[in-house]
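Contents: one structure, followed by commentary.
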Amino acid sequence: MLANRRFMQRAVRHVVAEGGVRQILDIGTGLPTEPNVHQIARSVAPETRVAYVDNDPIVATHSRALSDDPDTAVVLADLRDPAAILDHPEVRAVIDFDRPVAVLLVAVVHFVTDAEDPARIVATLRDALPAGSYLVLSHATGDVHEDRREDAAAVYKNATASLNLRSHTAVLDLFGDFAMAEPGLVQVTDWRPEEVRRPDAPPIGIYGGVARKGD
5 MLANRRFMQR AVRHVVAEGG VRQILDIGTG LPTEPNVHQI ARSVAPETRV AYVDNDPIVA
65 THSRALSDDP DTAVVLADLR DPAAILDHPE VRAVIDFDRP VAVLLVAVVH FVTDAEDPAR
125 IVATLRDALP AGSYLVLSHA TGDVHEDRRE DAAAVYKNAT ASLNLRSHTA VLDLFGDFAM
185 AEPGLVQVTD WRPEEVRRPD APPIGIYGGV ARKGD
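Note that this note's numbering gives residue 202 to position 198 of the sequence shown, counting from 1, and the numbers run on in steps of one.
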């Protein structure tokens, strides 16, 4: 979704330009698009290092063009095993976990079922980060279109991953004790928009937020 993609772009610029982060771990990155995370970050700080992670071999194949860049890694791994991501040698070759890192979980946690314990997964990632790090997260919700909640979930019923819509409270809990950047957890179109939104624009059923780990 374009609105979600634009949220990611604004959030990346924020953590690099205002947060001073020079390392990004993008989990569930999906197929490469223009501009991609490393391009957005390096337009602000050319020295930014980026590790892309996805569990789809097709994504890795399409990302091979990045493999010659020593400051960029493309890793085949699954969000459901965060320890494997954190310990992966290719991730470690690019990301120094003794320095602030921005972890991107953009439109990916809603593919993790309650039984798979998304709170534990995200907490494992948060706990591995040093002070000054950021969590950028967006997540589908049924709060906005409650009358269409079942229709949204049904779209993914026969797909390889189910869509798990969660409430504002449940998504906010994923940030743990990290300090939310203004304006908090909001619809992705309302997170520091760069354009004035039309009054008649329909609501977006995706929450997005950015939070910082304190000292």
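In this text, a Cβ means the ideal position worked out from N, Cα and C, and glycines have one as well.
Quick check on DSSP: helix, strand or coil for residue i?
| i | result |
| --- | --- |
| Val79 | strand |
| Ile208 | coil |
| Ala183 | strand |
| Ala123 | helix |
| Ala144 | strand |
| Ala7 | helix |
| Arg130 | helix |
| Phe101 | coil |
| Val113 | helix |
| Leu90 | helix |
For residue i, list the residues DSSP reports as bridge partners.
| i | result |
| --- | --- |
| Leu139 | Val107 and Ala215 |
| Val190 | Gly212 |
Work out the CA separation of residue j and residue i for me, nearest whole Å.
| i | j | result |
| --- | --- | --- |
| Arg216 | Pro61 | 31 Å |
| Leu189 | His92 | 30 Å |
| Ile28 | Ser142 | 16 Å |
| Leu178 | Ala123 | 6 Å |
| Thr193 | Val25 | 23 Å |
| Leu139 | Gly180 | 10 Å |
| Asp85 | Ala21 | 30 Å |
| Ala111 | Asn8 | 8 Å |
| Asp155 | His114 | Since pLDDT at Asp155 reaches only 48, below the 50 mark, its modelled position is unreliable, and the value read off the structure follows with that caveat. In a straight line, the C-alpha of Asp155 is about 15 Å away from that of His114. |
| Asp118 | Ile89 | 20 Å |
| Ile99 | Pro187 | 28 Å |
| Leu176 | Thr145 | 12 Å |
| Ala183 | Gln191 | 18 Å |
| Leu169 | Leu129 | 21 Å |
| Glu198 | Gln13 | 11 Å |
| Ala55 | Glu120 | 24 Å |
| Ala15 | Leu35 | 19 Å |
| Leu167 | Ala81 | 19 Å |
Ends of the alpha helix (DSSP H) at residue i?
| i | result |
| --- | --- |
| Glu94 | Pro93 to Val98 |
| His172 | His172 to Asp177 |
Discussion item. Please give the ranges of any alpha helix (DSSP H) in the stretch 13–87, keeping only runs that are unbroken, at least 4 residues long and fully inside the region.
Written reply: Runs of the alpha helix (DSSP H) inside the stretch 13–87: 41–48 and 61–66.
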